[in-house]
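Residue numbers for the sequence shown follow this note's numbering, beginning at 1 and rising by one. For each residue, glycine too, the CB sits at the ideal point set by N, CA and C. Worksheet: the structure to be examined is printed underneath.
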Amino acid sequence: MRYLITGGAGFIGGHLAEKLLEQENCEKVIIIDNLSTGSLDNLKAIENHPKLQVVIADLTDNDLNLAQYVSEIDCIYHLAAAVGVELVVKEPGHTIYTNVHGTERILDEAVKFNKRIIVASTSEVYGKSDRAYFSETDDLLIGCPTHSRWSYACSKLLDEFYALAYYKSHNLAATVVRFFNTVGPRQTGQYGMVIPRFVEAALQNKAIRVYGDGSQSRCFCHVFDTVRALLALADKQESFGQIYNIGSQRQISILELAKLIIQELNSDSEINLIPYEEAYESGFEDMMHRAPNVSKINKLINWQAENSLEKIIHDVKESCLKKISKDK
Ligand SMILES: NC(=O)c1ccc[n+]([C@@H]2O[C@H](COP(=O)([O-])OP(=O)(O)OC[C@H]3O[C@@H](n4cnc5c(N)ncnc54)[C@H](O)[C@@H]3O)[C@@H](O)[C@H]2O)c1
């Protein structure tokens, strides 16, 4: 099998590339990435792998000969996107353009060459729904466009519509995966990702900044579990034209998470509660809870998250320590 990963130098993409290259039947992995939030550091372990080709390019660039790369592979993982709440709030126009136009381009090529494609979406599409567990067929409750954070959810939702429309109209072998907070080694706190941000602060005994009152809860999934699901989905014909949640079912409030990280790292950090207005923008809307129902993917590939939150914190800590010693 030959694979193309858009956004392959990103956090999830780098782990996925490593695992694909370990598979016996893997003949080639092509990565296309513009290194906007990704980094070649994510590919360090495989940088000299003979089956890996890295193309530094922007997916939305018309000069990129996307057709050539898509024609050479069997399966596409489309992960390239503008991500991270902080980035999205700051640059909603860029977010919409990247996520919609980039996806449109790769889907067009996938149709042209009749290729398998797995499209990364997000739990953000569930919006402000107050259901205890989100299921793939639920109605979605997105906020008003005056709140720019929803530009991410809407752009990803349009990606989903696009992928499923091409499945219906062109028989495209497309699957949508909705990732819930995915965490692990090498994820950077730079774009607002909560666990690396907290771990980096705790390691330096600096104050941990919890936004709002910290009662909002999330479920954190180890990237190793996420990648396991992505690998298993590749050749599952039953998944064509379908959407799947991928996430852990252990919920924790962000305040409890900060306390757990302090405890696990034996840190002296204080916890500071920061109003949302100060952290993001005036009128910022957050989802109180966001937990996946994963019965659909469990039934298909017998998948559920296996790594504990403590293991995630441990792995993020080790990765941060490695980076700190490298930067010294
Ligand atoms: N990590 C999570 O918790 C999470 C949750 C929900 C959805 N997702 C989705 O998973 C995918 C991967 O996310 P990630 O966490 O690895 O983030 P990431 O930022 O590490 O990865 C995204 C990659 O896409 C690249 N990229 C961005 N715009 C590009 C463009 N125009 N052309 C080429 N490359 C481009 C970036 O440089 C980066 O390497 C994204 O689609 C994201 O929306 C992630």
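Neighbourhood of residue i by C-beta distance below 7 Å, restricted to the same chain and skipping five residues each side
i	result
F220	N181, V183, I195, S248, L309 and I312
T95	A82, V88, S151, Y152 and S155
F240	Y167, A173, A174 and T175
Alpha-carbon spacing of residue i relative to residue j, whole angstroms
i	j	result
L141	A173	28 Å
N272	L203	16 Å
G93	S267	39 Å
E270	R250	25 Å
V111	N48	31 Å
G212	D41	33 Å
M1	L20	9 Å
S295	R131	16 Å
C26	L265	38 Å
P292	F179	9 Å
E109	E72	11 Å
E278	V210	11 Å
Closest by C-alpha distance to residue i, when choosing among the options
i	options	result
G84	F11, V70 and N48	F11
H412	A45, E124 and H314	Outside the displayed span of the chain (1 to 328) sits residue 412, for which this structure offers no information.
V89	D286, N307 and K317	D286
I5	K28, S253, E22 and V223	K28
A45	A258, I117 and A17	A17
C75	I56, E91, F134 and K236	K236
G8	L79, Q68 and L66	L79
Other residues of its chain near residue i: CB distance less than 6 Å, five sequence neighbours each side excluded
i	result
W303	A229 and I297
I301	A232
L64	A57
T60	H101 and G102
Three-state secondary structure (DSSP) of residue i
i	result
F179	strand
C26	coil
V55	strand
V262	Residue identity differs from the one stated: residue 262 is Ile in this sequence, not Val. Helix.
F224	helix
Q237	helix
S215	coil
Q190	helix
F161	helix
F113	coil
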